[in-house]
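Novice: Mapping to full-length UniProt numbering: the sequence shown position 236 is 236, numbers consecutive. All C-beta atoms, glycine included, are put in the ideal place defined by N, C-alpha and C. These numbers were taken from a predicted model, which means no experiment stands behind them. Encoded as structure tokens, here's the structure I'll be asking about.
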Amino acid sequence: MALGICLGLVIKPTQAQSQRDPYYGSWQPVTVSDQGVDYTTLKRQMEEYIKEKQSAFAIYFHDLASGASFGINEDKPMVAASTVKLPMALYINHLVVQGKAHWHDRVSYQKATDYEDGSGVLRYEAKDGDTYSLRVLTNLSVTISDNVAYRMLARHVGRPNFIAFMQELGGRTVYPGGKNLTTARDLATYVRALLDFAHRHPREGERLLDDLAHPSFHVGLPGLLPPEVMVAHKEGDLDEGVANDCGVVFCRRPYILVVLSSGVKDTREGFADIARLSKMAYDFQESLAGKK
């Protein structure tokens, strides 16, 4: 079994251990003194931007300092694409800390059910009967958005169990009619759950955040932000005009942002729009941090 490419390019020492970002596992819950922050200006700025676009957008913003949030079409069902891999990775981590699974557990590749074209390396490397650990599959599913790795994880845990997990977290639009649909609000809920998990389980949580902060696809939320700003996120796109991103931006005033779009003529254009919306949020948050 050829695992050299996968392991050599993806598995690396955790940066959270060697160069710890100050927000890893230490973000602060709501602070009462900040609850009066008005995000009307930022919301209006985003609305003005997207109304000039032919694409359909759904947005959800959540300020981690105050708990303030707002949405634009936040409950509209949209194609999730690969953003669904974020809650899957979180689910695997939950199973591990609960002792229901172990990182060294191995899953056997079954081409008939697991093969999928698109992102990833396992579609080239995996042969029927090859086995991969949960750690490798989880890492591949988020760092290079490996579709085969995700399908192997989904088969291993069972879709009904995964659906139940997302619903327990607060997800409302979870595979309706068997379709991979979600909402901006639901994805923000999963990102918040990820931060809660990292707060309770620093070792596993920081490693997952580190994986999400160092993906091969890194053009949406972090696209126009300073390179030193840590962004833990999961992008997703489809040639059928879908460009999505969801995650947490660890700037001086950290926040969660989800941007989903459909009807995009070119996914590069779609992610450019996401990057501009993200920059609006970042600039607004930095202006608030500068007033401290």
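Using a threshold of 7 Å, is the CB atom of GLY99 nearer than that to any non-hydrogen atom of the ligand SAH?
Specialist: The ligand SAH is not part of the structure shown, which contains no ligands of any sort.
Novice: Determine the burial state of ILE50: buried for a count of at least 16 other Cβ atoms within 10 Å of its Cβ, exposed for fewer.
Specialist: Looking at its Cβ environment, which holds 16 or more other Cβ atoms inside 10 Å, ILE50 is buried.
Novice: Can you list the beta strand (DSSP E) stretches of 3 or more residues lying completely in the segment 241-280, in chain order?
Specialist: Segments of the beta strand (DSSP E) lying fully in the segment 241-280: 242-250 and 255-262.
Novice: Suppose the cutoff is 6 Å on Cβ atoms and the five residues either side in sequence are ignored; what does the same chain contact list for PHE197 look like?
Specialist: Around PHE197: GLY205.
Novice: Tell me the residue span of the alpha helix (DSSP H) that contains GLY236.
Specialist: That residue, GLY236, is in no alpha helix (DSSP H); its beta strand (DSSP E) goes 230-238.
Novice: Hey, how far is the Cα of LEU225 from the Cα of LYS279?
Specialist: Straight-line Cα distance between these residues: approximately 6 Å.
Novice: Quick check on ASP186: does DSSP put it in helix, strand or coil?
Specialist: Here ASP186 sits in helix by DSSP.
Novice: Rounded to whole angstroms, what's the CA-CA distance from ARG252 to GLY270? Just pull it up for me.
Specialist: Taking the straight line from one Cα to the other gives about 27 Å.
Novice: Skipping 5 residues on each side, what residues in its chain have a beta carbon closer than 7 Å to that of LEU288?
Specialist: Result list for LEU288: VAL37 and ARG253, in chain order.
Novice: Anyone know if the C-beta pair for residue 293 and LEU238 falls short of 8 Å?
Specialist: Residue 293 lies beyond the residue range present for the chain, which begins at 1 and ends at 292; the question has no answer from this structure.
Novice: Which residue from LYS265, GLY247, LYS85 and ARG123 puts its Cα closest to that of VAL142?
Specialist: Among LYS265, GLY247, LYS85 and ARG123, the Cα nearest to that of VAL142 belongs to LYS85.
Novice: Are the segment 100-119 and the segment 143-154 touching, with three or more C-beta to C-beta distances below 8 Å?
Specialist: Output reads yes: the segment 143-154 touches the segment 100-119.
Novice: State the CB to CB distance for the pair LEU212 and ALA184, rounded to an integer number of angstroms; the pair is presumed to be in contact (CB under 8 Å).
Specialist: Not a contact, Cβ separation roughly 18 Å.
Novice: For GLY177, name the three-state secondary structure that DSSP assigns.
Specialist: Helix at GLY177.
Novice: For my contact list, THR131 and VAL96 are in at a C-beta cut-off of 8 Å; report their separation, rounded to the angstrom.
Specialist: Actually they do not touch by this definition, with Cβ atoms about 18 Å apart.
Novice: What residue does the beta strand (DSSP E) around SER69 start on, and which one ends it?
Specialist: Its beta strand (DSSP E) spans residues 69-72.
Novice: Do GLY220 and residue 307 have their beta-carbon atoms positioned less than 8 Å apart in this structure?
Specialist: No information on residue 307 is available, as it lies outside the stretch 1 to 292 that the chain covers here.
Novice: Please list the terminal residues of the continuous alpha helix (DSSP H) segment that includes SER145.
Specialist: No alpha helix (DSSP H) holds SER145; DSSP gives it neither H nor E.
Novice: Run the CB neighbour count on ARG207, radius 10 Å, all protein chains shown included, and call it buried at 16 or more, exposed below.
Specialist: ARG207 should be labelled buried.
Novice: Relative to the alpha-carbon of HIS156, which residue among LYS100, ILE59 and SER262 has its alpha-carbon at the smallest distance?
Specialist: That would be LYS100, whose Cα lies nearest to the Cα of HIS156.
Novice: At the level of alpha carbons, what is the spacing between ALA68 and PHE61?
Specialist: Whole-angstrom Cα-Cα distance: 8 Å.
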